[in-house]
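See below for the structure under consideration.
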Amino acid sequence: MNEPIDKLARIARLNLTKEERELFAKQLGSILEAFSILAKAPTKGVEPALHPVALQPVRREDKAKPGLKHEQALANTQHKEEGFFKGPKVK
Amino acid sequence: MSTADIVQEAQELNKKFSFFITLADPKDGIPVAVKDNICTQGIQTTAGSKILQGYVPPFDATVISRLKAKGYSVLGKTAMDEFGFGTFSANTSVIPKNPHDPKRCCGGSSGGSAGYIAASKHARFALAQSTGGSISAPAAFCGVVGFTPTYGRVSRYGLVDYANSLDKIGVIAKTVRDAAEAMGIIAGKDEHDETCQGEPFTIPAKLAKKLTIGVPKEWLAQKIDPEVRKQFDAALEQCKKLGWTVKDVSIPSTDYALSAYYVIALAEASTNLAKYCGLRYGATIQLEGGGDYTAFFSKVRGEFFGQEAKRRILLGTYVRMAGYRDKYYGQALKVRQLLLNDFAKAFRGCDIIAAPTMPIIAPTFDDIAKLSPLEEYAMDTLTVPANLAGLPHLSVPCGRAKGMPVGLHFIAPQGKDELLVQAGEAYGA
Amino acid sequence: MALKIGLEVHLQPRTQSKLFCSCAVNAEQPNTAVCPTCLGMPGAKPRLNRGAFDAALKLALALNCAIPPKSIFARKTYFYPDLAKDFQITQFEQPFAMDGKLTVKEKVIPITRIQLEEDPASLKHARSKDGMDYVQIDYNRSGTPLCEIVTPPVFGSPEEARQFLEELMRLADYIGVFDAQAGKIRADVNVSVDKHVRVEVKNVTSFRDVERAAQFEIIRQESVVARGEPGEQETRSFDAKTGTTDTMRTKETEEEYGQIPEPDLVPLTITEKEVNVIAAAMPEPPHQRIARFVKQYAITQEQAESLMSERALADQFEDVAKSADAKLAATWYAYVQKVLNFNSMRFDRSGLEAGHVAEFLKLIAGNEVSKRGGELLLRELVVKPQPARSLAQKLGLLALSRDETGKLVEQALRDNPQAVADVKAGKEKALQFLVGQVIRLSRGRAKEQDVLALLKKALDQ
């Protein structure tokens, strides 16, 4: 693996314990090594398949509809005040 | 058999086997067990993860709405690997035990649903979900029927995403007919999910023709427990007795399928799991002392994701980084196309593909603890190809090995879900 | 020093609902137009809004873009409290429109690409009583459709960048895709002076501020370059109060977004037929219409450009010009616009109809209302559209009849015997004086030619 664990953990916003850091540093390399068998696959001229089935174009009409009630939207968190969600500072 | 009977049985079974994360207490309707990654309005939905502890969805998944419209109610939410990350339903806090041998796992990630169907006297079917084989594996390990429809046949609206191009909601049931009836209720186009464009499910007439069964030689060449293999061979003999033809077929990209599956699944999963950051729902920490947004998110996610989830997020993040995306993610999407081509070619020479569902019987929890991540991933080699190709597949019980159930896997071409029902019923499941 | 300025403009097209869900756009009470999708709740799924796509397609065609037959949405993953899913659904490798152009003051500005994407939520900085900094988040904005229009760094001055933005907004308004008065735009301004690395100033919210932000960046970068430093590649924010830019956060390198195609959406396919349907419904492009107006109606370039400020205005002008004198109409429509601007109103919301204006112009052409009276009349007419003649009557602006004028002429002659004598003595100026007196007595309502004729008649006697 060509990236330090700490860099990946930072990108993914994951605090790791010391044990996890050591464990993952060991494991990720060998897992990615196993995945690199993909390079041997005969994919020349093959198109990538984003979905396994053919999908038809689908478009929704531009009409406004009511969604969640205000109270429902805020019901699942304690981080709220005066109708707003609260979040950590951004600098 | 009343609503109350079903509820009571579920509570008793749960005490013994831990099939459920949440038991609801429905007063009417036919109570149905639902895998905990399917949103149920007013009932806690955690997808087996601490990070969604206490989350109560304000909406029902489409499959739940459709079941309720037909007189069903939600019995409870069944145990599963966190977000579907696992083959044994052991990567989670509520770990279901196999009713055939409680020292063994139920399989995963739909372990709770499979164990419950195997143990329950009353239940006919439970909702489950598969990304790489999470319906088939536990069905095989628990000796029940697992039905995974063609990708896009059943709406994913309300399914907590693992991997959007791979996830399918399906059914674990006592018999193939039970599974077909459940599919008849939940399948069909849904305007809430752009990728759900499949036809509604019609329960087919009895199979009239004699089928040709294709057995992929590359799959049978893999390491399979000889006792399991014996049961599979016996199952093939039974097929021949029905007048069916059995022949070899080839899926040349088999060697790449597992890696392609994991790369795609993990890349998608690592983006799907980004939303769990302690803000609008789920587990969280105090804002005071939580630091700025980077520190806050990292702390919440670090504290509440399990180890397997973290491992998969890190891997998934890596394989879609700009410098590595083409080599891993881009290449994996192409391998999916190779696999689709392989299956299309194989199906020109047969009606249904068959193989053992799993290479082993349900392992003990002790054995599971000894497995490395790669060894656990490798357990999926027989179920992954059909899942990666979005093909409908059916696991039916076929005998026992070392006292534990063995599963026979049928795979049909895309859209031929009904043929699987016919084949499964003709086989006797 | 060499100066490179480029723009990434985010423009909200006119739609009823959001880009990937049916919640209403522009809701005011916080967190009242939200649903599982735009709140990023587990299990929710995006669904593309066709109206938003059609609006974006119209804009792309008006900007002469090529429309590839296939386009995909992508997930851009990063962590910020305003991002409901911690990824934004945007377009990356295959935007839906590319290689367009917009002519601004005879310079052709290339449009690199146009993409459709969703807006994040809105954030407000807050501080608790205990001094803890935090943010308040309103997800009403989360999921609002945005067209992102990208230019290469071709602007040679902050003024050019501003003019481009003004023209872009005018054009988007003209084709009915955007409300230039109330609609929101945000621009990221990329500036690089000489050897200084490219700096992005994000979220500048008006075309004037785009010019100011660029101006400040130039000065700032110039001093860095003068010190012999290459400068820092960073993202900066613009403070509209002070007109300065400030460090925001280090620009995330592309690899951290880890973009993959959005697997919950069906890839967009756009057929030639669909494009033709949209193209056929497009109005005559503004610059073409301006040229035609000048030629066909013999009005000035300036008048034609002014009429083009709103499509409905240009449409009504042509309608009115069928029966009235076009030059007269153009002159008076300019005054209409003055009144609208004064009242901060859009023409297409004024309710002013072709019939109202046609009737007004008849009064003017027939000298039944003087120029001054016309201005007063129009001020009322624009704000409260109604039949012009009866309004003029009500306001006492209709010109006097000949008889009524005659009475005032007699009075003026009586009141100004010296002037009468002067006229008879051959002093021209005295005649003008008497004309002015009559007009004054009439409070501007006497027709000047009547006054002149009646005076002459009376004085000849």
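Protein chains in written order, with my numbering: chain A, 9 to 99; chain B, 844 to 1272; chain C, 217 to 677. Ideal placement from N, C-alpha and C gives every residue a C-beta, glycine not left out.
For residue i: DSSP bridge partner residues
i, result
"Val320 (chain C)", "C:Lys323"
"His226 (chain C)", "C:Glu364, C:Arg402"
"Ala1023 (chain B)", "None, per the DSSP bridge assignment."
"Pro1240 (chain B)", "B:Gly1250"
"Gly95 (chain A)", "C:Val351"
"Phe454 (chain C)", "C:Thr461"
"Cys948 (chain B)", "B:Lys940"
"Lys1011 (chain B)", "B:Ser973"
"Ile886 (chain B)", "B:Thr883"
"Gln331 (chain C)", "C:Glu364"
Chain B residues whose Cβ lies nearer than 9 Å to that of residue i
i, result
"Leu255 (chain C)", "Arg1123, Tyr1124"
"Phe93 (chain A)", "Leu1122, Arg1123"
"Met348 (chain C)", "Leu1130, Glu1131, Gly1132"
Where residue i sits in the DSSP three-state scheme
i, result
"Val66 (chain A)", "coil"
"Glu470 (chain C)", "Because the pLDDT at Glu470 (chain C) is just 45, under 50, the model does not fix this residue reliably, and the value given afterwards should be weighed accordingly. Note: Glu470 (chain C) maps to helix in three-state DSSP."
"Asn941 (chain B)", "strand"
"Pro1199 (chain B)", "strand"
"Ala72 (chain A)", "coil"
"Gly919 (chain B)", "strand"
"Pro1256 (chain B)", "coil"
"Gln352 (chain C)", "strand"
"Lys1060 (chain B)", "helix"
"Ile305 (chain C)", "strand"
"Gln232 (chain C)", "coil"
"Pro874 (chain B)", "strand"
"Arg999 (chain B)", "coil"
"Asn632 (chain C)", "coil"
"Gly392 (chain C)", "coil"
"Leu624 (chain C)", "helix"
"Asp1091 (chain B)", "strand"
"Pro1235 (chain B)", "coil"
"Phe931 (chain B)", "coil"
"Lys964 (chain B)", "coil"
"Met314 (chain C)", "strand"
"Phe1148 (chain B)", "coil"
Interface partners of residue i on chain A, CB under 8 Å
i, result
"Lys1170 (chain B)", "Ser44, Leu46, Ala47"
"Leu1157 (chain B)", "Ile13, Leu16, Ala17, Ala20, Leu22, Phe32, Leu36"
"Arg266 (chain C)", "Arg67, Arg68, Glu69, Asp70"
CB-CB length for residue i against residue j, believed under 8 Å
i, j, result
"Val1202 (chain B)", "Cys985 (chain B)", "According to the sequence provided, residue 1202 (chain B) is Pro. The question's Val does not apply to it. Actually they do not touch by this definition, with Cβ atoms about 16 Å apart."
"Phe968 (chain B)", "Val1014 (chain B)", "5 Å"
"Gly316 (chain C)", "Leu279 (chain C)", "4 Å"
"Thr883 (chain B)", "Asp903 (chain B)", "6 Å"
"Pro601 (chain C)", "Leu568 (chain C)", "5 Å"
"Ala514 (chain C)", "Ile221 (chain C)", "Not quite, the Cβ-Cβ distance comes to about 39 Å (not below 8 Å), so this is no contact."
"Ala1244 (chain B)", "Glu1070 (chain B)", "3 Å"
Proximal residues of chain C, C-beta to C-beta of residue i below 8 Å
i, result
"Leu1002 (chain B)", "Gly259"
"Ser1008 (chain B)", "Pro479"
"Val61 (chain A)", "Within chain C, no residue comes near Val61 (chain A); the closest Cβ sits about 11 Å away, beyond 8 Å."
Where residue i meets chain A, residues with beta-carbon distance less than 7 Å
i, result
"Arg1105 (chain B)", "This sequence places Tyr at residue 1105 (chain B); Arg is not what is there. Ordered by position in chain A, the residues that pass the 7 Å Cβ test against Tyr1105 (chain B) are Phe43."
"Val1178 (chain B)", "Leu46, Ala49, Thr51"
"Val899 (chain B)", "Asn84"
Partner residues on chain B for residue i, Cβ-Cβ distance less than 7 Å
i, result
"Pro12 (chain A)", "The premise fails here: Pro12 (chain A) is roughly 11 Å from chain B at the closest Cβ pair, so nothing lies under 7 Å."
"Lys99 (chain A)", "Asp1135"
C-beta neighbour in chain E for residue i, strict 9 Å
i, result
"Lys26 (chain A)", "Here the protein chains are A, B and C, and chain E is not one of them."
Counting pairs of Cβ atoms below 8 Å between the segment 350-369 of chain C and the segment 229-244 of chain C, do you hit three or more? The count of Cβ pairs closer than 8 Å, one atom from the segment 350-369 of chain C and one from the segment 229-244 of chain C, reaches three, so the stretches are in contact.
Between the segment 278-293 of chain C and the segment 302-309 of chain C, are three or more C-beta pairs nearer than 8 Å? Enough Cβ pairs lie closer than 8 Å, so yes.
On the three-pair Cβ rule with 8 Å, is the segment 868-881 of chain B touching the segment 959-974 of chain B? Counting Cβ pairs under 8 Å, three or more are found: they touch.
Is the segment 79-86 of chain A close to the segment 334-345 of chain C, with three or more CB pairs under 8 Å? Segments in contact, no.
Are the segment 372-382 of chain C and the segment 852-864 of chain B touching by the rule of at least three beta carbon pairs closer than 8 Å? The answer is no - the segment 852-864 of chain B does not touch the segment 372-382 of chain C, with fewer than three Cβ pairs under 8 Å.
For the segment 1103-1114 of chain B and the segment 1172-1179 of chain B, state whether three or more C-beta atom pairs, one from each stretch, are separated by less than 8 Å. Yes: the two stretches touch, three or more of their Cβ pairs being nearer than 8 Å.
Are the segment 249-259 of chain C and the segment 1021-1031 of chain B in contact at 8 Å, needing three or more beta carbon pairs? These segments do not touch.
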